[in-house]
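Going letter by letter, the sequence shown gives residues 1437 to 1640 in this note's numbering.
Encoded as C-alpha cells, the structure appears first; notes follow it.
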Amino acid sequence: MTRHMAAAAVLTALAGAPTVAHAIGSGPVPPATARPSAAVADRAAAHATPAPAADRPATGVRTVRPGQRVEAAPGVRLWLTREGKHWALPGEPAQFRSVTDGNIDPSVPGVSLQAEPVGTPGDGYYFLSGLWYGSRAAARVEVVTADGTSAARMVTLPGRKGWGAWYTSTPLPGSGSGSGSGDFVHRVTLYDAAGNELARLGLR
C-alpha cells in the first residue's frame, strides 16, 4: 500500500490535556484488502448547517462554496478553497493544508489526519479532521479511536473535484484513562458508496 506522509505539526493543548497535532497521509488499499461497509454510529459533535438538497449528493458528501465557513465542532470553523483545507480552533489563528503543494498525489486515493485537543479532560474534545483525495467515488470516512468508531462528515467544492475535507470530534479521555495522545487515533478509512475500501491510514 502506497503511503504519502504529509508534514507533522505539533500544537500545545491547554494545561492538563493530552497534546497531539498530526498531519499524516495514506495511500490506496489494494483491492484484496477491501472490506464490506459496516454500520457505524455517528458520534461526531459537529452540527454544520445543512446544505440545500440540490447540493447534497446521495453519497453524503456535502458541497460547499469556496470560503464558506462550516461549524465543524463547537467553536471550530472549517472551509475549503481551491488551494486546500482551512480551519480555525477557538481563539487560534487559521491553519491550512494544501492540495496543490505536492505533498499529496491527487491521482491516488488517500486520506490525511490532523488531531488536535480542545479544552481539558472532562469537558474538552479532540477535533479530528483531514483531507480525502484521489477519487470522485469517495462517499464515507470512518475514524476509529480509543473512544470508539465515528462516521466523519465530508465536504467538497462544486464540481466534485475528487478531493475534499472530512471532520469529526470525540471527547477527550479523562485523566489517568491511559488513552494518551500518542495512541488515541487508531485508523482512518475512506470508502466509496458501495462500502469498498479506497484508502486506509493505520496508526496502530
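Don't be surprised by glycine CBs; every beta carbon is placed ideally from N, CA and C.
Computed from a predicted structure; not experimentally measured.
Query: Determine which residues share a DSSP beta bridge with D1628 and list them.; Result: A1574
Query: Return the CA-CA distance between L1639 and R1623, expressed in angstroms with no decimal places.; Result: 5 Å
Query: Quick check on the DSSP output: what are the complete alpha helix (DSSP H) runs of length 4 or more inside the stretch 1496-1535, in order along the chain?; Result: none
Query: Check for me: the beta strand (DSSP E) holding F1563 runs from which residue to which?; Result: 1561-1569
Query: State the beta-bridge partners of P1557 as determined by DSSP.; Result: P1557 pairs with nothing; no bridge assigned.
Query: Give every residue of the same chain whose Cβ lies closer than 8 Å to the Cβ of V1535, excluding the five residues on either side of it in the sequence, and list them in chain order.; Result: E1519, G1520, K1521, P1542, L1567, Y1569, W1599
Query: How would you call P1526, buried or exposed, if buried means at least 16 neighbouring beta carbons within 10 angstroms?; Result: exposed
Query: Out of P1529, A1573, F1532, point me to the one whose CA is closest to V1544's CA.; Result: A1573
Query: One question on the structure: do V1547 and L1564 come within less than 8 Å of each other, judged by their Cβ atoms?; Result: no
Query: Relative to the C-alpha of D1628, which residue among R1498, T1556, V1577, V1591 is closest?; Result: V1577
Query: Which value, in whole angstroms, describes the spacing of the CA atoms of D1537 and Q1531?; Result: 15 Å
Query: Taking DSSP as the reference, what is the three-state secondary structure of S1473?; Result: Residue placement at S1473 is flagged as unreliable, the pLDDT there being 37, under the threshold of 50; a coordinate-derived value is accordingly withheld.
Query: Residues bridged to A1582 by DSSP?; Result: According to DSSP, A1582 bridges with nothing at all.
Query: Alpha carbon to alpha carbon, how far is L1516 from L1593? Give it in angstroms, no decimals.; Result: 7 Å
Query: Going by alpha carbons, who is nearest to V1506 out of T1606, A1601, P1607, V1621?; Result: A1601
Query: State the start and end residues of the unbroken beta strand (DSSP E) segment that holds S1543.; Result: That residue, S1543, is in no beta strand (DSSP E); it is neither H nor E in DSSP.
Query: With 16 other CB atoms within 10 Å as the buried threshold, where does P1529 fall?; Result: exposed
Query: Hey, how far is the Cα of D1619 from the Cα of P1510?; Result: 24 Å
Query: Look at the alpha carbon of R1589 and the alpha carbon of G1496, and state the distance between them as a whole number of angstroms.; Result: 8 Å
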